[in-house]
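Novice: Just so you know, the UniProt record's numbering puts the end of the sequence shown at 327, numbered straight through with nothing missing.
Backbone N, C-alpha and C fix where the C-beta goes; we use that ideal spot for every residue, glycine too.
Everything numeric in this text was worked out from a predicted model, so none of it was measured.
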Amino acid sequence: MIEERKKHDTRGKQRRAAMKRMGEENNQLREKVSSLENKLADVKQMLNSSIDQCATLTNANKKLKQTNTKLVNNVSRLESDLERLEADSRQHFEDSVAEASMRSNLEEDIVDLKKLIKKDRESNNNQTESDFGLSTSETDSNADDSEFCRSVDSDSCATLPESCIPQEKAKKKNVLADKSRKSGKQSPAPENQLKGSKKSPAGPRYSGKTAHNISLRSTRSAKLKLVYIRYSKTRGSHMIKLTSNFEETKKFTAYLGNDPFYSDSITPNGCKPVLLPRTVLEANPRAKYIRVEATSENAAVTERGFYATIQVPMNNGALNESLSNEH
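#1: Quick test of your reading: Ile-290 and Ile-229, contact by CB under 8 Å. State the CB separation rounded to the nearest angstrom.
#2: Would you please verify whether the beta carbon of Val-111 is less than 9 Å from any beta carbon of chain D?
#3: Applying the 10 Å Cβ sphere with the 16-neighbour rule, what's the burial state of Gly-305?
#4: Quick one: is Asp-109 buried, meaning 16 or more other Cβ sit within 10 Å of its Cβ, or exposed?
#5: Would DSSP call Val-111 helix, strand or coil?
#6: For a test of the three-state rule: what should DSSP assign to Val-227, helix, strand or coil?
#7: Per DSSP, which one or two residues make a beta bridge with Lys-250?
#8: Determine the burial state of residue 339: buried for a count of at least 16 other Cβ atoms within 10 Å of its Cβ, exposed for fewer.
#9: With distances taken between CB atoms, is the gap from Val-274 to Asp-264 smaller than 9 Å?
#10: Alpha carbon to alpha carbon, how far is Gln-91 from Leu-256? Give it in angstroms, no decimals.
#11: Can you tell me whether Pro-313 is buried or exposed? The criterion is at least 16 other CB atoms within 10 Å of its CB, across all chains shown.
#12: Taking the alpha helix (DSSP H) that Thr-279 falls in, what are its first and last residues?
#13: Under three-state DSSP, which class holds Ser-237?
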């Protein structure tokens, strides 16, 4: 009987084939892992580059914000400078207009006063000639003038009384005072004062710095005077006395610069205290002069008033210069 052939054991062969297959798969996985690691490195590098760019952009943004802040501050400063320059320009224009108007009024007053002086001088000369019985032809002759003392001794020679001698300076002052009393205006200052010279105490009164404080509807009057008294600590106000030499009751308004701060009425030939609070003075640091303008109680809107001015008190209560008594 033929023996059956034994079957060969193939488990080892299968195991070797499986291990070979697993090795190939492992190599493929290693290649994939290496590729992924390379991609991850590239992504990390790109991320670091993006972080650097973000930091650069952040710094640039901060610098732009700082520059923008500086530009905004510069724009606000330029706007404030522009407003200040516009205000100064308007103030200069108002000063120029007021100064031109005042100069025109003063020139007219000077012409009128010259005419009055000439007329008064002629009348005074005629009066002097009539007192001594001299004709016009006799006063023009030097020989006839000496005949008055030639007929008497030198010891008893007659002398002219002082009242008959023409006094040019006194006559001019009287004419100016009469003109001021009749028109309620102040006598014009000499030419050196009108030009605002530094040596003239009345120079600043006619300069453009104070012209805007003077109302074009009013006229400076010698009958209205301002005198600084003192500073009251209890009231916190500067006390200024207003004196009126008018024959009727006047209503008045006090201005600090161009802003009114006090109103009242004053009796004929009376006086009235004007109180300037320290708070009002601090609120108007650029004001240089105090002006009091007086008008009749029933005055029309177009009627001209009268005014007097005085300089603003300093912090210690003193005055730089009083203009109300300069006439």
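Specialist: Straight from the coordinates:
#1: Actually they are not in contact, since the Cβ atoms of Ile-290 and Ile-229 sit about 13 Å apart, beyond 8 Å.
#2: Protein chains in the displayed structure number just one, and chain D is not present.
#3: The residue in question, Gly-305, is buried, as its Cβ has 16 or more Cβ neighbours within 10 Å.
#4: So Asp-109 ends up on the buried side.
#5: Reduced to three states, the DSSP call for Val-111 is helix.
#6: Here Val-227 sits in strand by DSSP.
#7: As a beta-bridge residue in DSSP terms, Lys-250 pairs with Ile-266 and Ser-296.
#8: The structure shown does not extend to residue 339, since the chain is modelled only from 1 through 327, so no value can be given for it.
#9: Going by C-beta atoms, Val-274 is nearer than 9 Å to Asp-264.
#10: Taking the straight line from one Cα to the other gives about 16 Å.
#11: So Pro-313 ends up on the buried side.
#12: Where Thr-279 is concerned, the enclosing alpha helix (DSSP H) stretches over 278–283.
#13: In the structure shown, Ser-237 sits in a strand (DSSP, three-state: E or B).
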